[in-house]
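One structure is given here, and the rest of the page talks about it.
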Amino acid sequence: MPEVLIRKARFEDRYALARITIDATDSAFRGRVPEPCLKGLTVQQSAANWGRSILEENVGEHLLVAEVEAVDVVGLVLARCFIRDIADADIVERYAHEINSLQIDPAWQRRGLGERLINEAARLTSTSERQGLIVRVLKDNPNITFYQTLGAEIVGSQPYVWEGYITAEIILAWKAIENIRNRHT
Ligand SMILES: CC(C)(COP(=O)(O)OP(=O)(O)OC[C@H]1O[C@@H](n2cnc3c(N)ncnc32)[C@H](O)[C@@H]1OP(=O)(O)O)[C@@H](O)C(=O)NCCC(=O)NCCS
-11 MPEVLIRKAR
-1 FEDRYALARI
9 TIDATDSAFR
19 GRVPEPCLKG
29 LTVQQSAANW
39 GRSILEENVG
49 EHLLVAEVEA
59 VDVVGLVLAR
69 CFIRDIADAD
79 IVERYAHEIN
89 SLQIDPAWQR
99 RGLGERLINE
109 AARLTSTSER
119 QGLIVRVLKD
129 NPNITFYQTL
139 GAEIVGSQPY
149 VWEGYITAEI
159 ILAWKAIENI
169 RNRHT
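Using the numbering used here, the letters of the sequence shown correspond one by one to residues -11 to 173.
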């Protein structure tokens, strides 16, 4: 495995982030959800969105990338020091932070990068006094098991509509960041 650097995203990463998001979403969902769900943004549109978000540097958000030496950026994580759009008041009360997006280039999956990115992002968000981290995964996503492997537990679910397709998002959580399995740092 070549050297991997986990670092803050930069504006020039926007096209790599767009490509990773589109390819990772396709690898997770193709054949599992209706076709229109996967006809999302073009690389150009997605890159423009990532670029804007990097320049805005929203307070309480951390966007990190995994960069493989002499290759490119191959993974990303977006973590927030807050949670939003969760209907269950108990979950809102109990958990302070959220992993909002975690995507690894399909060619680079299963090499420990997802685990490294989650741990690094959780370390950055945990500077506030409140603990607890959630992540939402669509019930159609076969990668729910990844989070359970890292110690997350299912704490709830809520309806979700994706391009007219009615499904649900599963909410998983760790009570504290020390509970996230960490074999790589
Ligand atoms: C899910 C995802 C982020 C995992 O990242 P990754 O870098 O491939 O995972 P890692 O190599 O860090 O895996 C860590 C552990 O989880 C396990 N694991 C990873 N994906 C798994 C899966 N789909 N099912 C079961 N276990 C899985 C690994 O085997 C490893 O455990 P081990 O060391 O005991 O063998 C990545 O596959 C991905 O980007 N998928 C597509 C997009 C997606 O579904 N993102 C999550 C949306 S919320």
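Every residue, glycine too, gets a C-beta built ideally from N, C-alpha and C.
Inset, instruction - Please report the residue range of the beta strand (DSSP E) in which Gln136 lies. - result: Where Gln136 is concerned, there is no enclosing beta strand (DSSP E), although the alpha helix (DSSP H) it sits in stretches over Ile132 to Thr137.
Inset, instruction - Taking only heavy atoms of ligand 1 into account, decide whether any of them is closer than 7 Å to the Cβ of Pro22. - result: Checking every heavy atom of ligand 1 against the Cβ of Pro22, none is found closer than 7 Å.
Legend entry - Local Cβ density within 10 Å of Val125, reported as buried at 16 or more and exposed below that: Taking every protein chain shown into account, the CB of Val125 has 16 or more other CB atoms within 10 angstroms, so this residue is buried.
Legend entry - Simplified DSSP state of Gly28, which is helix, strand or coil: Three-state result, Gly28: coil.
Legend entry - Start-to-end residues for the alpha helix (DSSP H) that takes in Tyr3: Its alpha helix (DSSP H) spans residues Arg2 to Phe17.
Legend entry - Where Val149 falls, given that 16 or more other Cβ within 10 Å makes a residue buried: Per the 10 Å Cβ criterion, exposed.
Inset, instruction - Return the residue from the list Asn170, Glu49, Trp162 and Lys127 that minimises the CA-CA distance to Val21. - result: Closest by alpha carbon: Lys127.
Inset, instruction - Tell me whether the beta-carbon of Ile71 lies closer than 8 Å to the beta-carbon of Ile122. - result: Yes. Within cutoff.
Legend entry - Proximal residues to Thr173 (C-beta, below 7 Å), its chain only, five neighbours per side dropped: Correct list, in chain order: Arg104 and Asn107.
Inset, instruction - To the nearest angstrom, report how far apart Ile87 and Arg2 are at their CA atoms. - result: Whole-angstrom Cα-Cα distance: 19 Å.
Inset, instruction - List the residues that DSSP assigns as beta-bridge partners of Val61. - result: Looking at the DSSP assignment, Val61 forms a beta bridge with Glu55.
Inset, instruction - Output the boundary residues of the alpha helix (DSSP H) element that contains Thr113. - result: It spans Leu101 to Thr113 - the alpha helix (DSSP H) in which Thr113 sits, taken as one unbroken run.
Legend entry - Arg177, DSSP secondary structure in three states: Residue 177 lies beyond the range of the chain shown here (-11 to 173); nothing can be said about it.
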